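Chains as they are written, first to last, in UniProt numbering: chain A, 1 to 241; chain B, 1 to 247.
Positions of the beta carbon are idealized from the N, C-alpha and C atoms, including for glycine.
These numbers were taken from a predicted model, which means no experiment stands behind them.
Have a look at the structure below before the remarks.
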């Protein structure tokens, strides 16, 4: 990969503040991603295709789709985030950028947080934006679609954050992809349960405030703890090579 | 106290202690477990609602109980691995993870066997069952990650992080019954309250839980010894030990 596709990080300086460094990492990840647009598109295509499989494979009945639609969309979103996680650190690991990141004077966990946020903006957010269209296709009503988007908006950052731990742990291993899924899917289950539970409660006309608050709690927990874990895991994976 | 702590870090010292401890653990474990199970299966009174089918509790509860506590022990060992880099802690994690996997599977299996006559189904997507299943996946992930990393030190620390991340799941298992409150009956033992069943039922249950704990201790010592011998195979004392055993 040549240098002009993947811009070099220019942070090697004590005078760069923590926030500026985070902004730098974030902006660079976005820039790299937009120079390789296909990588951006793939998880979205995957998302749409997985959702398509359900009406074809199970039943195109409106009653079934309305019942299962939110769950299908959530599972599809979860899987496509999972699929995209491999990219989170892989390229930076291969070309040595990650080592430079570890050597920065700024705390690694904040830089990892910036990378994870960039990952969410590039995969989670587009999924949320795409959800209303697919929601209409699986015959969800307007209210459910709104709640579904809200849960995905809170839930997908959690997926990215937890996923970053798995991606960091499996970095540089053989068959990292399958292993990553094995490690991460169990940790995704509570998020999935509450995400779909919220939509189900909304469909029954119940108040969803408590559910949304719980998902927010998941987000805060992941936001505060996950970057530490992935930073520690990154250091291990790098010392491994 | 610190000296004890340092000694505990020495695989050789642990090896000796374990050798002396193991016969007691094995004997105590077998005795208690036999007593608990025979008492439970043959002499404890019938349940007024579930009849004889409830008797599987004397196997189901100990396996489920210990399957969960092994994970907590692993989490403690993981902290020790990460903070003090103590060799023995990661030997422990590596040695007991498969035991935890098997016990979790047994808990799920006996639960299914119990569920069939009482709930009329082998499996139900109840919160408690689902979180036990997640525990099974977590054990599987820990073992898979450990196998995937060749370097011993990296593997130990990576696994430690994974275990700590997974331990967030344990409170969810513990309180899921109260949160979702579905089919599964609430926990059998609580530290703070008197058991709600007659003494003829809970005493054998307690005996079999303790028995299985001791047996687990024995198995953990055995597996840790094996792992220690493997890791320290180049050291003097292991060579001496092996040669002495042969001679």
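Interface with chain B (8 Å Cβ-Cβ cutoff): residue 164 (chain A) is excluded. A buried status is given to residue 130 (chain B), since no fewer than 16 other beta-carbon atoms sit within 10 Å of its beta-carbon. Under the 8 Å criterion on CB atoms, residue 165 (chain B) is classed as interfacial with respect to chain A.
For residue 213 (chain B), the enclosing alpha helix (DSSP H) begins and ends at 199-231.
Between residue 89 (chain B) and residue 97 (chain B), the CB-CB gap reaches or exceeds 8 Å. With a threshold of 16 other beta carbon atoms within 10 Å, residue 220 (chain A) falls short and is exposed. Between the region 51-64 of chain B and the region 112-130 of chain B, the count of Cβ pairs shorter than 8 Å is three or higher; the stretches touch. For a cut-off of 8 Å, the C-beta gap from residue 199 (chain A) to residue 151 (chain A) is around 6 Å, short enough to register as a contact.
Counting only the Cα atoms, residue 191 (chain A) lies some 8 Å from residue 158 (chain A).
Nearest CB-CB separation between residue 90 (chain A) and chain B: not below the 8 Å threshold. With its beta carbon less than 8 Å from one in chain B, residue 233 (chain A) belongs to the interface.
Taking C-alpha positions only, residue 61 (chain A) is separated from residue 210 (chain A) by approximately 32 Å. At least one CB of chain B lies nearer than 8 Å to the CB of residue 236 (chain A). With the criterion set as a beta carbon lying under 7 Å from some beta carbon of chain A, the members of the region 128-157 of chain B are 134, 137, 138, 140, 141, 144, 145, 148, 149, 151, 154 and 157, in sequence order.
Interface residue (Cβ-Cβ distance to chain A less than 8 Å): residue 162 (chain B) is classified as such. In the DSSP assignment, residue 92 (chain A) falls within the alpha helix (DSSP H) that extends over 86-95. Among the CB atoms of chain B, none fall inside 8 Å of the CB of residue 37 (chain A). Around the beta carbon of residue 234 (chain B), fewer than 16 other beta carbons sit within 10 angstroms, so the residue counts as exposed. Judged by DSSP in its simplified three-state form, residue 90 (chain B) adopts helix. Following the DSSP letters along the chain, one finds residue 31 (chain A) inside the alpha helix (DSSP H) bounded by residues 18-35. With respect to residue 101 (chain B), residue 141 (chain B) sits apart: the two C-beta atoms are not nearer than 8 Å. Counting every other CB atom within 10 Å of its CB across the protein chains shown gives residue 181 (chain A) a total of 16 or more, marking it as buried.
Within chain B, 154 have C-beta atoms less than 7 Å from the C-beta of residue 239 (chain A), given in sequence order. Fully enclosed alpha helix (DSSP H) runs of no fewer than 4 residues occupy 62-84, 86-95, 97-103, 108-119 and 125-137 of the region 59-141 of chain A, in order along the chain.
Against chain B, a Cβ distance below 8 Å from residue 186 (chain A) picks out 134, 137, 138, 141, 166 and 169.
Under the 8 Å criterion on CB atoms, residue 189 (chain A) is classed as interfacial with respect to chain B. Secondary structure note for residue 14 (chain B): its alpha helix (DSSP H) is the uninterrupted segment 11-38. The count of Cβ pairs closer than 8 Å, one atom from the region 83-100 of chain A and one from the region 127-144 of chain A, stays below three, leaving the stretches out of contact. For residue 56 (chain A), the nearest beta carbon of chain B is not closer than 8 Å to its own beta carbon. In the displayed model, residue 47 (chain B) falls within a strand according to three-state DSSP. Interface residue (Cβ-Cβ distance to chain B less than 8 Å): residue 229 (chain A) is classified as such.
In the three-state reduction of the DSSP assignment, residue 237 (chain A) falls in the helix class, which pools H, G and I. In this model, residue 208 (chain B) and residue 103 (chain B) are separated by some 14 Å (Cα to Cα).
The closest CA to that of residue 197 (chain A), considering only A:34, A:16 and A:144, is found on A:144. Residue contact with chain B for residue 28 (chain A): absent (no Cβ-Cβ distance below 8 Å to any residue of chain B). Between residue 75 (chain B) and the set B:164, B:236, B:221 and B:222, the nearest pair of CA atoms involves B:164.
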